[in-house]
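Take a look at the structure below.
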Amino acid sequence: MPHHVRGVIARAKGEPVAVETIVVPDPGPGEAVVKVQACGVCHTDLHYRDGGINDDFPFLLGHEAAGVVEEVGPGVTDVEPGDFVILNWRAVCGRCRACRRGRPQYCFDTHNAAQKMTLLDGTELSPALGIGAFAEKTLVAAGQCTKVDPAASPAAAGLLGCGVMAGIGAAINTGNVGRGDTVAVIGCGGVGDAAILGSHLAGAAKVIAVDIDDRKLATAKSLGATHTVNSKETDPVEAIRELTGGFGADTVIEAVGRPETYRQAFYARDLAGTVVLVGVPTPEMTLELPLLDVFGCGGALKSSWYGDCLPSRDFPMLIDLYLQGRLDLDAFVTETIALDEVEKAFERMHDGDVLRSVVML
Numbered sequence: 001m002p003h004h005v006r007g008v009i010a011r012a013k014g015e016p017v018a019v020e021t022i023v024v025p026d027p028g029p030g031e032a033v034v035k036v037q038a039c040g041v042c043h044t045d046l047h048y049r050d051g052g053i054n055d056d057f058p059f060l061l062g063h064e065a066a067g068v069v070e071e072v073g074p075g076v077t078d079v080e081p082g083d084f085v086i087l088n089w090r091a092v093c094g095r096c097r098a099c100r101r102g103r104p105q106y107c108f109d110t111h112n113a114a115q116k117m118t119l120l121d122g123t124e125l126s127p128a129l130g131i132g133a134f135a136e137k138t139l140v141a142a143g144q145c146t147k148v149d150p151a152a153s154p155a156a157a158g159l160l161g162c163g164v165m166a167g168i169g170a171a172i173n174t175g176n177v178g179r180g181d182t183v184a185v186i187g188c189g190g191v192g193d194a195a196i197l198g199s200h201l202a203g204a205a206k207v208i209a210v211d212i213d214d215r216k217l218a219t220a221k222s223l224g225a226t227h228t229v230n231s232k233e234t235d236p237v238e239a240i241r242e243l244t245g246g247f248g249a250d251t252v253i254e255a256v257g258r259p260e261t262y263r264q265a266f267y268a269r270d271l272a273g274t275v276v277l278v279g280v281p282t283p284e285m286t287l288e289l290p291l292l293d294v295f296g297c298g299g300a301l302k303s304s305w306y307g308d309c310l311p312s313r314d315f316p317m318l319i320d321l322y323l324q325g326r327l328d329l330d331a332f333v334t335e336t337i338a339l340d341e342v343e344k345a346f347e348r349m350h351d352g353d354v355l356r357s358v359v360m361l
């Protein structure tokens, strides 16, 4: 029988979200119903509410989630009821040109559940990133469920579903940060701090955190930054060069998504260094760089989509490191809240006081 549960709905652009009753159908072929235990409040959810992603209202928000598989549909073999899983928005297809070349982390045909969750009147919902986890239960493609060790805290584990994985992956997967490297991270929100943590985990010798907020820089230092730069007070390019012997960093990770900070990242790297863009720009933004500088600096300019992660590979590994005490995911959980406090959590995002508010169900 279909499940009637509570979920956080954004009905129109810019309007406050509300908790409403939604209908979750029984899982069809290749699908799973997951009982959500925890879901982080991500900036992407706010972008959905504000119409910054698309106009397919109403949205069922939430996507950084962990929970327990409750039911599976026909043909599902990778997970079963009772499995503790992290939800992901990269359910690889196994058939596209990237998958066939052994690069499933770049899958070009990721998929979601075929059926739609609805409001009580039958209105179809658009689940955020194909997940929709600000709800007591959600319907996803079974490939969006990654089984991990159930000893992990759901509040911490769920954050790997988006922002924390994006940051760690930007350092480890996209940036290929290694032992002894110098790294600069511009923007110390949740994703930037995760990139700092990932760089520290990878063995970087020097990790320079750049932000305009001293509170965020203090948090960055607690997560592995060796040096901090307040770019409101100091030219960040000059500061990064000074801290790296005048050369620039081996890898600069831009976690803001603005042309100004991208230019800073470009000029703050060493010759043959790497720039990784993991901050998400808005559609109207453009970037202008002298082509001779692009040629003369060499190296690589990369974009990191979901930290270039492969959930089946990366989530279990990172959860194991968390359980060993080597990866402090709990540090990203600033507060736990109820389902009806999501709108207040959006307001707190603007104040810069939280890394993540996490809805507990």
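Taken in order, the sequence shown gives residues 1 to 361; the numbers are from full-length UniProt numbering.
All residues carry an ideal CB built from backbone N, CA and C; glycine is no exception.
The structure presented is a predicted model; accordingly, all values stated were derived computationally and were not measured.
| Check | Outcome |
| --- | --- |
| Buried versus exposed, by CB contacts within 10 Å (16 or more), D26 | exposed |
| Run of the alpha helix (DSSP H) containing E260, from where it starts to where it stops | P259 to Y267 |
| Residue span of the beta strand (DSSP E) that contains V210, given as start and end | K206 to D211 |
| Where N54 falls, given that 16 or more other Cβ within 10 Å makes a residue buried | exposed |
| Proximity below 8 angstroms, CB of V252 to CB of A268 | yes |
| Given G51 as reference, the closest of A12, T182, L87 and V276 once Cα atoms are compared | A12 |
| Burial state of R241 (16 or more Cβ within 10 Å) | buried |
| Neighbourhood of K206 by C-beta, 6 angstroms cutoff - its chain only, sequence neighbours within 5 removed | T182 and T226 |
| V358, enclosing beta strand (DSSP E) - first and last residue | S357 to M360 |
| Same chain only: Cβ atoms within 7 angstroms of T174, ignoring 5 sequence neighbours per side | V276, K302, S304, G307 and D308 |
| Residue burial classification, V294 (beta-carbon count within 10 angstroms, cutoff 16) | exposed |
| Given 8 angstroms, three or more beta-carbon pairs between the region 29-38 and the region 53-67 | yes |
| C-alpha distance - Q105 paired with T274, whole-angstrom precision | 20 angstroms |
| Beta-carbon contacts of K137 that lie in its chain and below 7 angstroms, excluding the five residues immediately before and after | H3, V5, V24, V33, V34, K35, V36 and E70 |
| Cβ-Cβ separation, E254 to G279 (assumed contact under 8 angstroms), whole Å | 5 angstroms |
| Local conformation of T219 per DSSP, three classes | helix |
| Helix, strand or coil at D83 [DSSP, three-state] | coil |
| Residue from F346, A331, C188 and K216 whose Cα sits closest to the Cα of E15 | F346 |
| Minimum C-alpha distance to V19 - residue among H350, A152, F134 and C162 | F134 |
| Opposing strand residues paired with E64 [DSSP bridges] | G40 |
| In DSSP terms, what I9 is bridged to | A18 and L60 |
| Short Cβ contact (8 angstroms threshold) for L323 with A204 | no |
| G187 beta carbon less than 8 angstroms from that of D211 | yes |
| Start-to-end residues for the alpha helix (DSSP H) that takes in I240 | P236 to L243 |
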